[in-house]
Amino acid sequence: MKIKARVITMFAIIIGALFAFGIAAAAAGGYGSLSDPLITLSYITDTFMPEMDKTISSTVEDKTSELSAKLDATIGELESKYNEASKASAASTYTVISMSSGQKLIGVKGCEVMLRIGKAYCTAPASPGLIDTSTAGILENGGYLVKNHMYMITIDGRGIKADGDIMIIVRGDYTVE
5 MKIKARVITM
15 FAIIIGALFA
25 FGIAAAAAGG
35 YGSLSDPLIT
45 LSYITDTFMP
55 EMDKTISSTV
65 EDKTSELSAK
75 LDATIGELES
85 KYNEASKASA
95 ASTYTVISMS
105 SGQKLIGVKG
115 CEVMLRIGKA
125 YCTAPASPGL
135 IDTSTAGILE
145 NGGYLVKNHM
155 YMITIDGRGI
165 KADGDIMIIV
175 RGDYTVE
């Protein structure tokens, strides 16, 4: 029995020595070192988070500047479209004008005129004078405008002359002399 006890004791000492040697080898193997770090709170707070903050900040700054440039370009395009639309809208709005006897309104091609109050006649150096869009007729030089009829100037230099005080509605480009 003594031999059995010695073998068991020897076996236990060898196993204990191997276990101790394994622990020592694991400790000497560099666990927790820079070459093989353990994920610890200090690693996360001292190394990982600052690197992630830098990476995220850099990416956000790049994307922000890229989006800002695109936004500025889009705003510029929209402003130019808005300005063009405003000009077109201004030309497409009606304006009420009062004129005295003898004053002339000379329109540009596409100008529309409607007599609301008073008397006025067409002034045109040649035929046709004004187009009466209400009746699809032509008003020649010297012909009087009918109230509430819409007249269109289709050739530059045509217009109307007030025969007394008048009020007209105009849409388009014109000059009053």
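If you read the sequence shown in my numbering, its first letter stands for residue 5, the second for the next number, and so on. C-beta: ideal position from N, C-alpha, C; glycine also.
7 Å Cβ cutoff met for residue i and residue j
i: Ser-4; j: Met-154; result: Residue 4 lies beyond the residue range present for the chain, which begins at 5 and ends at 181; the question has no answer from this structure.
i: Ala-128; j: Asn-152; result: no
i: Leu-119; j: Cys-126; result: no
i: Tyr-178; j: Gly-111; result: yes
Neighbourhood of residue i by C-beta distance below 7 Å, restricted to the same chain and skipping five residues each side
i: Thr-97; result: Arg-175
i: Gly-147; result: Tyr-125, Cys-126 and Gly-133
i: Ser-105; result: Ala-166, Asp-167, Gly-168 and Asp-169
Bridge partners - residue i, DSSP secondary structure assignment
i: Cys-115; result: According to DSSP, Cys-115 bridges with nothing at all.
i: Ala-166; result: Ala-124
i: Val-174; result: Thr-99 and Val-117
i: Gly-141; result: Asp-136
i: Thr-179; result: Ile-110
i: Tyr-148; result: Tyr-125
i: Met-53; result: Answer by DSSP bridge pairing: none, since Met-53 is not bridged.
Residue i, buried or exposed, once every other Cβ within 10 Å from all chains shown has been counted against 16
i: Arg-162; result: buried
i: Val-117; result: buried
i: Lys-165; result: buried
i: Leu-149; result: buried
i: Thr-157; result: The sequence given here has Ile at residue 157, not Thr. Classification of Ile-157: buried, given that the 10 Å Cβ count is 16 or more.
Supposed contact pair residue j and residue i - C-beta distance, whole angstroms, cut 8 Å
i: Gly-168; j: Lys-108; result: No, Gly-168 and Lys-108 are not in contact; Cβ-Cβ is about 14 Å, not under 8 Å.
i: Lys-113; j: Asp-160; result: 5 Å
i: Ile-173; j: Val-100; result: 6 Å
Spatial neighbours of residue i in its chain, beta-carbon cut-off 8 Å, leaving aside the 5 residues before and after
i: Ile-142; result: Ser-131, Pro-132, Gly-133, Leu-134, Ile-135 and Asp-136
i: Ala-16; result: none
i: Ala-73; result: none
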